[in-house]
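Final position of the sequence shown in this note's numbering is 529; the numbers increase by one with none missing.
Glycine included, C-beta positions come from ideal geometry on N, C-alpha and C.
Data first, discussion second: the structure below is written as structure tokens.
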Amino acid sequence: MRRPKVLLILTLALALSAAAYQIAQAWSHHRLDQELPALFARFRIEALSGPEFKDSRELVQLGEALFFDKILSGNRNISCATCHHPTLSSADAGSFSIGQGGKGLGRDRRQYQAATTLRNAPALFNLGYKDIPNLFWDGRVEFRPLEDKKLRTPARELTSRHPEEMSKLIASIESTLEAQVMIPVTDFAEMRGKPGDNEIADAYSKAQVWDLLLKRLLSHPQYVSLFQAAFPEKTGLDQLQYTDVAKAIAAYIRETFQASQTPMDRYLRGDLEAMTLAQKRGAELFLGKARCAECHSGRHLSNFEYASLAIPQFGPGNVMTAWDEGGTYTRGVSLNTTDDFGRYGVTHAPRDRFLFRVPPLRQVGLTGPWMHNGAFTSLKAALDHILDPETSLANYEPEGIERKEFLKNLAKNKEYDAERLASFDPRARLSQALTEAEKRDLLDFIENALADREALSKEHLRVPAAVPSGIDLRD
Ligand code: HEC
Ligand code: HEC
């Protein structure tokens with residue numbers, strides 16, 4: 055008699071507590087659903103709309119061929135895809151990239167004396183929007199198509215020299231992305247090759263690099279047909295210019311690498327079940343207590359300003375040349391260091407030392423390693439650093455970074471760590487201490503609620519079987 059009674063009571067208690075748990079959950083969901091819309095709105099975070107350009111299928115097709123074809127590199131040995139591969143979330147999974155001359159893909163890529171890029175290769179998601187005013191970790195390509203249409207870029211040919219020919223080029227650029235994709239082919243380490251290697255590497259100006267590459271492309275009948283299909287309004291091949299190459303590559307990038315169906319986007323469009331309870335709590339922290347949205351605001355989760363997070367610095371170091379405006383081209387001062395001073399290399403303004411562009415955050419969980427030099431191989435470590443840079447800098451261990459040559463200079467750059475820390479942005483100091491449980495929720499939000507996994511599916515990100523030049527495209 056007694057046993058069934060105990061069982062009954064136990065079952066009842068269980069059912070009750072399950073019900074209580076469900077009620078508590080429902081209540082938490084309800085509370086957060088009431089609160090989050092106003093918080094998102096305060097930081098102008100909105101669902102991302104679909105594409106803003108009407109790119110023809112033919113233009114995207116041409117762009118795809120160009121993106122995967124090594125013909126755009128001086129020595130015909132590297133393509134955009136090598137460092138921005140669809141199977142690697144449009145990046146290359148490494149802290150730094152191995153440039154022209156290397157072999158293999160992703161973590162299997164080997165150097166063979168090829169140069170290493172000075173920064174981490176970013177993923178290419180959502181870069182085609184017209185309201186993206188700057189690109190590169192230091193924002194050295196800037197363009198505001200919706201405002202003054204003023205272009206700033208390290209390619210001086212685009213801004214000052216050859217004003218007559220170049221004004222035609224600039225006039226046809228419609229987004230920062232189109233201006234940016236002209237640059238990699240002119241970079242010796244990335245794609246151009248070493249002087250003496252080939253005619254592109256030996257060209258006397260970037261403008262000549264572009265001319266020679268266009269000629270190279272048009273010597274392939276298949277490219278001639280692709281260009282004709284993509285630019286039907288041009289009556290002769292002589293009307294094509296390198297910005298048309300850039301337009302096609304940009305069209306491919308913005309049509310292909312799109313992430314606008316993240317749980318956060320679906321939630322913002324009104325699907326209250328799109329985010330889990332933990333993710334909603336994470337969003338609340340992101341927008342509130344952790345103060346991430348001080349910088350990661352707006353529909354791209356970036357204010358596109360520059361800030362220092364005092365990231366531990368290893369790798370080859372980077373001293374950029376200052377851009378030129380109105381014909382005054384300034385060569386970068388040699389700082390004789392192995393450090394990376396970020397935005398300072400572009401502006402030479404002392405207040406810009408260690409500042410980097412605030413990156414947009416959609417797909418961030420899928421595009422590690424993180425930060426301008428890929429210093430962190432886990433998002434947790436990146437978050438811990440932002441929340442406590444002193445401890446992180448003092449105890450930094452380059453965990454998971456296989457390529458030991460990249461670790462070079464880590465000890466040397468410590469000389470600058472005091473200055474690095476002093477530059478740490480005061481807005482990032484506003485975040486209050488988080489409990490471990492809160493950190494888990496915040497990580498869940500940035501890692502999963504900002505991830506559009508469908509956008510990485512095989513059907514979506516296909517790798518073509520062949521390219522018009524016939525060059526192997528496996529790496
Ligand atoms: C050797 C590797 C490599 C190759 C090849 C390469 N890139 Fe990159 N890409 C990088 C690195 C590294 C950066 C970041 C550089 C920096 O910010 O200083 C970058 C930055 C970019 C950016 C800016 C992204 C952002 O969020 O700021 C775009 C767009 C881009 N590359 C497109 C291309 C295209 C298109 C090609 C081919 C024409 C190409 N890349 C070839 C490594 C490469
Ligand atoms: C002061 C402005 C600012 C604040 C506040 C801020 N960030 Fe950032 N965030 C940046 C900048 C700048 C970078 C790039 C730094 C670098 O690479 O040197 C960055 C990089 C990141 C990255 C790596 C992105 C990538 O693609 O590698 C993540 C993740 C990130 N932030 C998340 C957060 C979170 C979570 C918070 C809140 C706890 C936060 N950020 C607060 C400015 C900020």
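Check, Outcome
"Cβ-heavy atom distance, residue 105 to ligand 1, below 7 Å", "no"
"CB of residue 336 within 8 Å of CB of residue 503, strictly", "yes"
"Residue 481: CB within 7 Å of a non-hydrogen atom of ligand 2", "yes"
"Test item: CB-CB of residue 506 and residue 316 under 8 Å", "yes"
"Any non-hydrogen atom of ligand 2 within 7 Å of residue 144 CB", "no"
"Between the CA atoms of residue 134 and residue 198 - distance to the nearest angstrom", "24 Å"
"Whole-number beta carbon distance between residue 331 and residue 84, since they are thought to touch under 8 Å", "Contact flag wrong, Cβ pair sits at about 11 Å."
"Length of the line joining the Cα atoms of residue 154 and residue 176", "18 Å"
"Beta-carbon contacts of residue 495 that lie in its chain and below 7 Å, excluding the five residues immediately before and after", "332, 335, 336 and 339"
"Simplified DSSP state of residue 316, which is helix, strand or coil", "coil"
"Closest residue to residue 88 among 357, 60, 163 and 326 (Cα-Cα distance)", "326"
"Residue 57, buried or exposed, once every other Cβ within 10 Å from all chains shown has been counted against 16", "exposed"
"Sub-8 Å separation of residue 501 and residue 433 beta-carbons", "yes"
"Delimiting residues of the beta strand (DSSP E) encompassing residue 122", "No beta strand (DSSP E) contains residue 122, which is instead part of the alpha helix (DSSP H) from 111 to 122."
"Three-way DSSP call (helix, strand, coil) for residue 240 in this model", "helix"
"Secondary structure of residue 394, DSSP reduced to three states", "strand"
"Three CB pairs or more closer than 8 Å across the segment 59 to 72 and the segment 290 to 310", "no"
"DSSP state of residue 83 mapped onto helix, strand, coil", "helix"
"Whole-Å CB distance - residue 163 paired with residue 529, under 8 Å assumed", "7 Å"
"Residues bridged to residue 189 (per DSSP)", "195"
"Coil, strand or helix - residue 230 by DSSP", "helix"
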